[in-house]
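2 protein chains.
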Amino acid sequence: MLKVEMKDIVEAYGRIRNYVQKTPLIYSPETSERTGSEVWFKMENLQPIGAYKLRGAMNNILGMSDEDLKCGGVAASAGNHSQAVAYAAKLKGVSAVVCVPESTPMNKRYGAIKHGARLVVYGPNYEDAENRAHEIEAEEGRKFVHAYESNETIAGQGTVAIESLLEKGDFDAILVPTGGGGLLCGVAIAAKAMNPDIKVYGLQTNTSAPWDKSFHERKLNNDCPFLPTCADGLEGAITWPNVELALTCVDDIFVVDEESTREGIKWMAQKHHYMIEGASATCLAALFEDHQELKGKKVLCIITGGNIDLDKFCEICEKDY
Amino acid sequence: MLKVEMKDIVEAYGRIRNYVQKTPLIYSPETSERTGSEVWFKMENLQPIGAYKLRGAMNNILGMSDEDLKCGGVAASAGNHSQAVAYAAKLKGVSAVVCVPESTPMNKRYGAIKHGARLVVYGPNYEDAENRAHEIEAEEGRKFVHAYESNETIAGQGTVAIESLLEKGDFDAILVPTGGGGLLCGVAIAAKAMNPDIKVYGLQTNTSAPWDKSFHERKLNNDCPFLPTCADGLEGAITWPNVELALTCVDDIFVVDEESTREGIKWMAQKHHYMIEGASATCLAALFEDHQELKGKKVLCIITGGNIDLDKFCEICEKDY
């Protein structure tokens, strides 16, 4: 069972703060005017690897024992987590292996190897790559760095909330794009410890929303459609431990429309000239969709990352919404 | 004659620092690998109005006498400076008038009025709008806030260098996109005061390069082609006082290719997922064009702004370079 407390997140922040970017917290007059909320963005797309995932990876790598440091780390992911682990390991001079499924496109493979990680391409889908990573964990004595189902990872991601609330403490609500739930749990635990009145909402798109039933039924339920989505970082089935932890600290899960999410990408480009990935744009989608819980409130949106393919970005921005 | 010293820039920084964003200073492994320089970006596109111009405007508004505060400010510009003055005036509760020529598109007009400035549309080109602004200065007793030919403006823009060098002091060179020359002079004066070994280079595109002859011949020379350019913020004829001041503190002016500049916009979108305006991309162009002065050096690029039209941005990004 996962167990993360505020003291773990505080400790993580002390550990990683000199290794991660203190990202800007920016007010959006345009989004505030449109939505009737007071909207702020925490720009985690400005981390060196273009996503908040660096925080959790860095906390894992910096918390390694001498034994772990010698053997190195191993991770599985086709997305930002791979890059994060590779980057963090390089910074600390530790060896890293990253396992990806065969379906992973070349540019995402490059994201890991450019930081010096050993790339292992294995099996048709994510589960195969994760299984291979666990074999490597056993064979080589490497520390497995989980993308979300890990106390160290959750504590690292939670530092986003500490950093934001130390700059501006009076938010009413925080919107957290949610895939596996590492960021969601970390942010909720830190935010509630700093100010119990803050509401924390997890966001998924209607094209991949296993958190919706799982959270509301209080049991794991991956029985939902998984359709193509611009929010690739949030896509896929989930596991019970993060849901179980979220049930102790998260206020609600909102499911947003795929189309509103695409509109969110275009809105940020048009109004603020920021390129953000689909996952981040679920925050805009939630605001556009007029949730009563957000009306008139001071809302912090975690802009989780900016790693979007340029062609896809332009295709989305050329459409009308 | 313009006269700005380090103490003016230090004073400006003390005055404006709580009103402007401390923007991130970010290392670019990709650009470093491609160019053989160690490349860093100062992300002034993350200022609230999307450009460094806020610094100079803020310094003017915050430095106003009681008399000035009562009468308010007036500025002329079709670009970022208008927005900057309007935003700064609103923050301080001062009234502002912004004069633009009739050719100014609606979205740029909106940029000023959304911050509550009074908009005056006057005459076919910039000079007409500036003349009208001077009339308003006389008629209404308002303080004229010049976009570049002003000690207060230059001192404000120079704070970019103080902020960057306090974070990382050992740059060999700074690349400064140059229009009127306010930023160029401010950065050069501050940088040389903090570290006389730093080289400061001004950048223009070959589609509008009056600084080239003017600087090298040491006299004003606006006799050069003015062609359509993606770097609209740098476009246009210049005046003598900023050249005269630059001759005392700037090392050289580089003229970069229009096409390399467009490639710079695409490169930043592709590799870093940042939307930057053409002016900022001249830094990338200079690095791509292999200036010997930059080879192997630690180079700071001032990313001056991100205010680029989304259609134009996608058009540039869809081309091959």
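So the sequence lines, in the order shown, correspond to chains V and B.
All letters in the first sequence, in the order written, are residues 0 to 320 by numbering that gives the first Met the number 0.
All letters in the second sequence, in the order written, are residues 0 to 320 by numbering that gives the first Met the number 0.
Just so you know, even glycine gets a beta-carbon here, dropped at the ideal spot from N, CA and C.
Bounding residues of the alpha helix (DSSP H) (the contiguous stretch that carries residue i)
i: Val186(V); result: Gly181 to Met193
i: Asp127(B); result: Tyr125 to Glu139
i: Ala280(B); result: Gly277 to Phe287
i: Lys107(B); result: Met105 to Ile112
i: Ala245(V); result: Trp239 to Ala245
Residue range of the beta strand (DSSP E) that includes residue i
i: Pro176(V); result: Ala172 to Pro176
i: Gln46(V); result: First-last for Gln46(V): undefined, no H or E at that position.
i: Gln269(V); result: Note, Gln269(V): premise wrong, no beta strand (DSSP E); not H, not E.
i: Ala160(B); result: Run containing Ala160(B): none in the beta strand (DSSP E); it sits in the alpha helix (DSSP H), Asn150 to Glu166.
i: Val144(B); result: First-last for Val144(B): undefined, no H or E at that position.
Beta-carbon proximity list for residue i, same chain, < 8 Å, skipping 5 on both sides
i: His215(B); result: Ile252
i: Lys212(V); result: Asn220, Asp222 and Cys223
i: Val186(B); result: Gln156, Gly157, Val159, Ala160, Ile173, Val175, Val199 and Ile301
i: Asp256(V); result: Thr204, Asn205, Ala284 and Glu288
Which of helix, strand or coil DSSP assigns to residue i
i: Val84(B); result: helix
i: Cys300(V); result: strand
i: Leu219(B); result: coil
i: Thr321(B); result: Given a span of 0 to 320 for chain B in the structure shown, any question on residue 321(B) remains unanswerable.
i: Asp231(V); result: helix
i: Leu118(B); result: strand
i: Ile315(V); result: helix
i: Leu90(V); result: helix
i: Glu37(B); result: strand
i: Leu61(V); result: helix
i: Ile15(B); result: helix
i: Glu310(V); result: The identity of residue 310(V) in the sequence shown is Asp, whereas the question assumes Glu. Residue state, collapsed to three classes: helix.
i: Cys98(V); result: strand
i: Leu226(B); result: coil
i: Val73(V); result: strand
i: Val254(B); result: strand
i: Lys198(B); result: strand
i: Thr204(B); result: strand
Closer than 8 Å to chain V by CB, residue i
i: Ala268(B); result: yes
i: Pro23(B); result: yes
i: Leu322(B); result: One cannot answer for residue 322(B) here, as it falls past the ends of chain B, which runs 0 to 320.
i: Cys313(B); result: yes
i: Met274(B); result: yes
i: Cys300(B); result: no
i: Ile307(B); result: yes
Chain B within 8 Å of residue i, Cβ atoms only
i: Leu174(V); result: no
i: His80(V); result: no
i: Cys70(V); result: no
i: Tyr18(V); result: no
i: Tyr44(V); result: According to the sequence shown, residue 44(V) is Asn rather than Tyr. So yes, Asn44(V) belongs to the interface.
i: His133(V); result: no
i: Cys98(V); result: no
i: Cys316(V); result: yes
i: Gly55(V); result: no
i: Gly49(V); result: yes
Sequence-distant residues of its chain with Cβ nearer than 7 Å to residue i (five each side left out)
i: Gln46(B); result: Val19, Gln20, Thr22 and Leu53
i: Ile15(V); result: Arg54, Met57, Asn58, Leu61, Gly155 and Thr158
i: Ala268(V); result: Met274 and Cys316
i: Arg141(V); result: Cys70, Gly71, Gly72, Val73, Val96 and Ile135
i: Ser259(B); result: Ala284, Phe287 and Glu288
i: Ile25(V); result: Trp39, Phe40 and Met42
i: Lys89(V); result: His114 and Gly115
i: Ala192(V); result: Met5
i: Leu183(V); result: Val175, Thr177, Gly201, Ala245 and Val249
Chain A within 8 Å of residue i, Cβ atoms only
i: Leu164(V); result: The displayed structure is made up of protein chains V and B, and chain A is not among them.
Beta-carbon proximity check, residue i vs residue j, cutoff 8 Å
i: Phe143(B); j: Lys297(B); result: no
i: Phe225(V); j: Ile264(V); result: no
i: Gly110(B); j: Ser64(B); result: no
i: Ala278(V); j: Gly232(V); result: yes
i: Val97(V); j: Leu68(V); result: no
i: Asn150(V); j: Lys6(V); result: no
i: Cys248(V); j: Ile188(V); result: yes
i: Val242(V); j: Ala208(V); result: no
i: Ala116(B); j: Gly122(B); result: no
i: Arg108(V); j: Leu118(V); result: yes
i: Leu322(B); j: Ser36(B); result: The shown model of chain B, from 0 to 320, leaves out residue 322(B), and the question about it has no answer.
i: Glu276(B); j: Gly304(B); result: yes
Close beta carbons around residue i, own chain, < 6 Å, minus the five adjacent residues each side
i: Tyr320(B); result: Glu262
i: Ser76(B); result: Ala146
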